[in-house]
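In this note's numbering, the protein residues as written are 11 to 417.
Backbone N, C-alpha and C fix where the C-beta goes; we use that ideal spot for every residue, glycine too.
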């Protein structure tokens, strides 16, 4: 017979997960000598909407990022797999039915939730399958008292009498953090304010996927499209539209703001209409670095000059959009997600039909963006190797960077 494990369960929307959540989980693990702590992200909470439309997929990934280096912390995605709202009693009963023979469950809740526990849906069924652990920390005492007039000690004794389980009071260190405050700061661009509130891996994930930030309005696409159409030749404009829509589709699949990706796709070739002399002149006047190969082949400058025009002529100031435009021809080591989207979209858009392995690359890019990216780099380097003097060193440097990541 297997030994019975002591398993803590910490639920929440985790939108995003922060150091306060991790602190409670660490306290529970150590205070109760738990074998494991399971993080239980809510799929569709019955009592509230998930703010800012951050998908369950992103919230799951952020939890995984946050707990990856933590001892005995695991993700439980049982609610994320469901399409309908989940109540705690349903999830806990399901977990008990599946694991209960070999597990004692400790359901971890905050003092604010505990104050209204008897108003939850079927609290008695929750208590029938697990012990209740109350993370007791100073919160808004006036709000707690208003929600339930009994003092904490009276309330916990009353619950112990009313429900057939153990209620455990667990002291926790005070951490004045809330997910709603973090979202508000991110929306306002106040990243510095919240650096200590989020694990580094979660901060990186939020930045990579541009979460909690307003996307461009859809009307901007129509406005820019009209302007770009006037500047480009018809065949170049058709290619541009192909890149724009492909970028939007890749963004949707890989969890990036769709309109922002479409804006970058729409403007990626906005400097293609300029002569080589004009591109070099802009670089000279704007002090844009020109490499030896770019000086010999000025058409390679359309990315760098395009980033300048996107800002100067089309009023786009987002640094990620400008960077994606600047590097879309050669790529660069350690590309961010939008860089990859635009680089790939430029290669696989529907009007492209001459590159080798194109259909395979298209399929791969939507399933695994890094695998698709590396296939393009491999094919590009192989093709350009036929004329080594025409290969931009940045293309080779990018290829070598991602080749090393394959090892």
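Helix, strand or coil at residue i [DSSP, three-state]
i           : result
residue 341 : coil
residue 41  : helix
residue 61  : In this prediction, residue 61 scores a pLDDT of 49, lower than 50, which makes its location untrustworthy; the coordinate-derived value is nonetheless stated afterwards. Residue 61 falls in the helix class under three-state DSSP.
residue 116 : strand
residue 252 : helix
residue 209 : coil
residue 173 : coil
residue 89  : coil
residue 300 : coil
residue 53  : coil
residue 24  : coil
residue 167 : helix
residue 203 : helix
residue 347 : helix
residue 132 : coil
residue 188 : coil
residue 97  : coil
residue 225 : coil
Presumed contact (8 Å Cβ cut-off) between residue i and residue j, rounded CB distance
i           : j           : result
residue 20  : residue 47  : 6 Å
residue 353 : residue 345 : 7 Å
residue 355 : residue 336 : Not confirmed; about 15 Å, so no contact.
C-beta contact flag for residue i and residue j at 8 Å
i           : j           : result
residue 17  : residue 113 : yes
residue 320 : residue 277 : yes
residue 197 : residue 330 : no
residue 51  : residue 89  : yes
residue 1   : residue 303 : No information on residue 1 is available, as it lies outside the stretch 11 to 417 that the chain covers here.
residue 27  : residue 72  : yes
residue 86  : residue 117 : no
residue 366 : residue 389 : yes
residue 265 : residue 67  : yes
residue 323 : residue 293 : no
residue 78  : residue 271 : no
residue 144 : residue 183 : no
residue 290 : residue 308 : yes
residue 267 : residue 225 : yes
residue 280 : residue 238 : yes
residue 416 : residue 376 : no
residue 101 : residue 142 : no
residue 343 : residue 408 : yes
For residue i: DSSP bridge partner residues
i           : result
residue 19  : 48 and 117
residue 181 : 146
residue 83  : 47
residue 141 : 116
Note to self: Ignoring anything shorter than 4 residues, give me the alpha helix (DSSP H) runs that lie fully in the stretch 264-293, in order along the chain.
What the structure shows: 268-277
Notebook entry, point to check: What are the uninterrupted segments assigned as alpha helix (DSSP H) that are 4 or more residues long and contained completely in the stretch 353-405, given in chain order?
Noted result: Correct list: 368-377 and 379-394.
Next item on the list: Kindly provide the ranges of any alpha helix (DSSP H) runs that are 4 or more residues long and lie completely inside the stretch 303-330, ordered along the chain.
Entry: Within the stretch 303-330, the complete alpha helix (DSSP H) segments of 4 residues or longer fall at 312-322, listed in chain order.
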